[in-house]
Amino acid sequence: MRYTRLGRRGPVVSSIGLGSLALAGAYGRAHEGDADRLVRRALDAGVTLLDTSAFYAEGRVERLIGRAVAGRSDEVVVSTRGGVRALGPAGQVRYDDDPAALERDCDASLERLGAECIDLYYLHCRDGRGPVEESMGRLAELVRAGKIRYVGLTNGTLRQLREAHAVHPVTALGVEYSVWGRYADPDLIAAARELGIALVAARPLGRGFLTGRVRVDARFEAGDWRGDDPRFGPGQDRHCAGLQALEAAAAQLDLSAGRLALAWLLAQGEHTVPVPSTRSQVHLEMNLAAAAVELPPEVRDKLAGVFPLDDWNQSPSPLV
1 MRYTRLGRRG PVVSSIGLGS LALAGAYGRA HEGDADRLVR RALDAGVTLL
51 DTSAFYAEGR VERLIGRAVA GRSDEVVVST RGGVRALGPA GQVRYDDDPA
101 ALERDCDASL ERLGAECIDL YYLHCRDGRG PVEESMGRLA ELVRAGKIRY
151 VGLTNGTLRQ LREAHAVHPV TALGVEYSVW GRYADPDLIA AARELGIALV
201 AARPLGRGFL TGRVRVDARF EAGDWRGDDP RFGPGQDRHC AGLQALEAAA
251 AQLDLSAGRL ALAWLLAQGE HTVPVPSTRS QVHLEMNLAA AAVELPPEVR
301 DKLAGVFPLD DWNQSPSPLV
């Protein structure tokens with residue numbers, strides 16, 4: 001495993017982290033015992049960035065991570081989110097970035113994680129009912145109170161990023177980012193780099209598509225989040241040529257397509273950290289092996305153009 005710093009002033013973390021959406025059952029049923037063993041195996045393999053959210057499985061994933069890091073919290077950076085309140089009765093995500101709600105969410109996450117301080121706490125900007133400066137101001141108060149160490153931002157616009165950073169330093173920007181689809185505004189990514197803010201790349205394997213194991217026209221079980229992702233719906237065959245190019249490049253380097261997709265992200269800059277999620281220890285090992293790949297610049301540049309980029313501002317679903 002290699003290690004990098006989250007932005008200019010953030011903590012040092014593993015160059016590949018572990019997301020936890022798959023452990024919440026978003027891509028098929030996740031058994032709690034298996035999920036616990038997977039998180040512990042990731043820690044033993046050198047992963048030091050664990051990314052989650054308060055509403056994943058109604059808080060059960062936070063509790064699972066809290067148990068897994070008990071006694072070794074000094075080795076790990078745990079990130080979670082505020083402003084994403086809960087799943088509604090119809091399966092919809094509710095958003096609330098009201099400052100008072102953010103503090104309540106933070107306190108609830110601290111309890112579930114069994115922690116005195118959250119290492120990295122993201123403000124989710126989806127709500128938009130109030131100025132981002134007010135929400136960021138409350139998080140800055142929580143930093144001063146010792147409840148949060150570093151603050152991140154997800155789903156923010158370029159304007160929100162700059163306004164938030166002016167109130168309190170933003171350490172990490174959570175974005176959907178992969179060789180398949182860079183759904184964040186390129187100007188937003190450029191601004192993050194200018195300000196010394198790390199890019200934490202969610203869905204770095206395109207929800208399984210970039211591994212070659214999931215087709216764009218796949219049929220999913222009820223409750224699988226990919227069933228609501230338009231990229232897996234009818235008429236998306238235009239993405240298949242890009243996958244074939246990725247697989248061909250991977251074969252030439254004696255890599256799997258998924259490993260190459262993660263290596264491509266790592267080649268975007270030292271402050272870009274992918275956080276793939278998985279339920280499988282085998283896939284975990286395959287993902288972490290990407291940290292050892294030294295990608296030739298010509299391959300990196302070639303892969304940047306193999307998928308269509310005309311829909312960066314039409315993210316299939318909010319990053320949660």
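Numbering (full-length UniProt numbering), first residue to last: 1 to 320. Ideal Cβ positions, reconstructed from N, Cα and C, are used throughout, including at glycine.
Setting aside the 5 residues that flank it on each side, Trp264 is surrounded in the same chain by Val179, Leu295, Arg300 and Leu303, each with a C-beta closer than 7 Å to its C-beta; the list follows chain order.
Per the C-alpha coordinates, the member of Leu50, Val47 and Arg60 positioned closest to Gly25 is Arg60.
Taking the CA atoms as reference points, Leu50 sits about 13 Å from Leu6. Secondary structure of Glu176 (DSSP, three-state): strand. Measuring C-alpha to C-alpha distances from Gly114 to each of Trp225, Glu62 and Pro276 identifies Glu62 as the nearest. Every unbroken stretch of the beta strand (DSSP E) spanning 3 or more residues and falling wholly within the stretch 38-93 is given here in chain order: 49-51, 77-82 and 84-87. Look at Ser14 here: in three-state DSSP terms it is strand. Measuring C-alpha to C-alpha distances from Val69 to each of Asp119, Val84, Ala22 and Leu102 identifies Asp119 as the nearest. Leaving aside the five residues that flank Asp107 on each side, none in its chain has a CB nearer than 7 Å to its CB. Within the same chain, Cβ atoms closer than 8 Å to the Cβ of Ala100 are found at Arg138, the five residues on either side in sequence being excluded. Per DSSP, the unbroken beta strand (DSSP E) holding Asp119 starts and ends at Ile118 to His124. When secondary structure is reduced to three states using DSSP, Arg149 falls in the strand class. Rounded to the nearest whole angstrom, the CA to CA distance from Ala250 to Glu111 is 44 Å. Cβ contact annotation for His271 (same chain, cutoff 6 Å, sequence separation greater than five): Gly7 and Ala198, in chain order.
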